[in-house]
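Enquirer: Residue numbers (the numbering used here): 23 to 328.
Below are the structure tokens for one structure; questions will follow.
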Amino acid sequence: MWSPCTACSTNIPFFERGLVVVNDTFHPYESLDELTAHLSTVEEDVYCVDQVTKRQTAIISASNLLEQIANRDTIELIQHGEFESHLQPIVHLDTGERFGYEALLRSRNNVSPGELFRAANRFGLHSKLDQRARAEAIKATYHAVAPHEKTFINFLPSTIYNPDYCLQHTFEIIDQYGLSPDRFIFEVVETEKVQDVAHLQHVFSTYKKRGMKVALDDVGAGFSTLDMLRRLEPDYVKIDRSYISFCDQNAEKRTFLKNVRQLTKSMDITILAEGIERAEEVDVCRELGFDLAQGYYFGKPSPYSL
């Protein structure tokens, strides 16, 4: 029996009425507006208590609690709101046939993904949001992705504190839907910012042991070294769109793309060009022998129908 990852179950409660505790003194309030007015005069650390359930919030600064209250709609959305995955097609460059999709998190009330992840990072909810994104992607795969197609699912390594525990929720959902693990490719978001390579190796190993594939996303010149690829052994590498955009008009970009294609081919790594928007870019990547492609040229992320 696995133990749930406490980081993934982080919850920020908002008590509409209760007590705010400042310097061990209890101050009742009847609304969040009244609590906000009181907190604006406080500099100390505080916490709130629900008078009925006796639940308490964490002890934090008054300014931090004020910020949480001001952003409570977004926080509530991350914790309890409705999400869905939009699917963007990925194709074989040689045949044009669909290889699969990338699943991208979207909120039902149109809050932008950037706003969601900024708020999640600010208030310690990034593990919760990342976990919910993985769950929605698995659900979308069950409903809308053909059995022979693959689904790329993003994840942030920093949200997976202990892979042996934090990823169990993801594996259980895959099992609940009766899906084969080899239908999923888990890709690292913000590859260039990875600092703890050993930790990422552990995450990759955990996915692979369950029969899934792994990918490095947004790979650029600063990361695609032979040593790093050997250490991480990804199954897929997705090349940053900045190297794809107008590559037909830039010799330096084409040189980089040629070199990284040769490197990945020697290591039996499948290479994918991201952000393709023009036929000329398709032609360059096809001539260089890229395996897969993704971008508005082939289709935008779109919701699926149940």
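Heads up, the beta-carbon is just placed ideally off N, CA and C, and yes, glycines get one too.
#1: In angstroms, rounded to a whole number, what distance separates the CA positions of Asp-257 and Asn-131?
#2: Could you give the uninterrupted runs of the alpha helix (DSSP H) lying entirely in the stretch 227 to 289, keeping only those of 4 residues or more?
#3: Using CA coordinates, which residue listed in Phe-105, Gln-110, Cys-70, His-114 is at the minimum distance from Asp-152?
#4: Can you name, in chain order, every residue of its own chain whose Cβ lies under 6 Å from the Cβ of Tyr-318, other than the five neighbours on each side?
#5: Is His-108 near Ser-324, with beta carbons less than 9 Å apart?
#6: Which term fits Asn-176, buried or exposed, when burial requires 16 or more other beta carbons within 10 angstroms of its beta carbon?
#7: Starting from Ala-315 and walking both ways along the alpha helix (DSSP H), at which residues does that stretch end?
#8: Taking Phe-121 as the reference, which of Thr-192, Gln-198, Phe-174 has the closest Cα?
#9: Could you tell me which residues DSSP pairs with Glu-106 in its beta bridges?
#10: Compare the Cα-Cα distances from Ile-196 to each of Tyr-164, Thr-181, Ser-180 and report the closest residue.
#11: Give me, in chain order, the residues of the same chain whose beta-carbon lies closer than 7 Å to that of Gly-297; leave out the 5 immediate sequence neighbours on both sides.
#12: Give the secondary structure of Asn-143 by DSSP, where H, G and I count as helix, E and B as strand, and everything else as coil.
#13: Tell me, to the nearest whole angstrom, how far the beta carbon of Leu-54 is from that of Ile-91; I am working on the premise that it is less than 8 Å.
#14: Would you mind reading off the limits of the alpha helix (DSSP H) that contains Thr-163?
#15: What is the residue span of the alpha helix (DSSP H) that Tyr-187 lies within?
#16: Is the distance from the Cβ of Tyr-123 to the Cβ of Glu-66 below 9 Å?
#17: How should Val-219 be labelled, buried or exposed, when 16 other C-beta atoms within 10 angstroms of its C-beta is the threshold for buried?
#18: So what does Ser-83 bridge to, in DSSP terms?
#19: Who pairs with Arg-120 in a beta bridge, going by DSSP?
Expert: On the basis of the coordinates in this document:
#1: By 1-based counting over the sequence shown, the position of residue 257 is 235. By 1-based counting over the sequence shown, the position of residue 131 is 109. Going by the C-alpha atoms only, they are around 35 Å apart.
#2: If we require 4 residues or more, the alpha helix (DSSP H) runs fully inside the stretch 227 to 289 come out as 248 to 254, 263 to 266, 273 to 288.
#3: Sequence index remark: in the sequence shown, residue 152 carries index 130 (1-based). Nearest option by C-alpha distance: Phe-105.
#4: As a working note, residue 318 is residue 296 in the sequence shown. Correct list, in chain order: Glu-299.
#5: What you label residue 108 is simply residue 86 of the sequence shown in a count that begins at 1. What you label residue 324 is simply residue 302 of the sequence shown in a count that begins at 1. Result yes, Cβ atoms of His-108 and Ser-324 sit closer than 9 Å.
#6: Taking the sequence shown and counting its residues from 1, the one referred to as residue 176 is at position 154. Looking at its Cβ environment, which holds 16 or more other Cβ atoms inside 10 Å, Asn-176 is buried.
#7: Start at 1 with the first residue of the sequence shown, and residue 315 comes out as number 293. That residue, Ala-315, is in no alpha helix (DSSP H); its beta strand (DSSP E) goes 314 to 316.
#8: Against the sequence shown, residue 121 aligns to sequence position 99. Ranking the options by Cα distance to Phe-121, first place goes to Phe-174.
#9: On the sequence shown, residue 106 is found 84 positions in, with the first residue counted as 1. Its beta-bridge partners are Arg-128.
#10: On the sequence shown, residue 196 is found 174 positions in, with the first residue counted as 1. Considering only alpha carbons, the answer is Tyr-164.
#11: In the sequence shown, the residue the question calls residue 297 occupies position 275. Around Gly-297: Arg-263, Ile-266, Ser-267, Gly-317.
#12: By one-based count along the sequence shown, residue 143 stands at place 121. In this structure, Asn-143 counts as helix in the three-state DSSP scheme.
#13: Position 32 of the sequence shown, counted from the first residue, corresponds to residue 54. Position 69 of the sequence shown, counted from the first residue, corresponds to residue 91. Confirmed, about 6 Å.
#14: In the sequence shown, the residue the question calls residue 163 occupies position 141. First-last of the alpha helix (DSSP H) with Thr-163: 148 to 166.
#15: Looking up residue 187 in the sequence shown gives position 165. 185 to 188 is the span of the alpha helix (DSSP H), which, as asked, contains Tyr-187.
#16: As a working note, residue 123 is residue 101 in the sequence shown. As a working note, residue 66 is residue 44 in the sequence shown. For Tyr-123 and Glu-66, no; Cβs fall outside 9 Å.
#17: Locating residue 219 in the sequence shown gives position 197, where the first residue counts as 1. Here Val-219 is exposed, its C-beta having fewer than 16 other C-beta atoms within 10 Å.
#18: For the purposes of this step, residue 83 is taken as residue 61 along the sequence shown, with counting starting at 1. Asp-67.
#19: Reading the sequence shown from its first residue, position 98 is the one you call residue 120. The partner list for Arg-120 (beta bridge, DSSP) reads Val-113.
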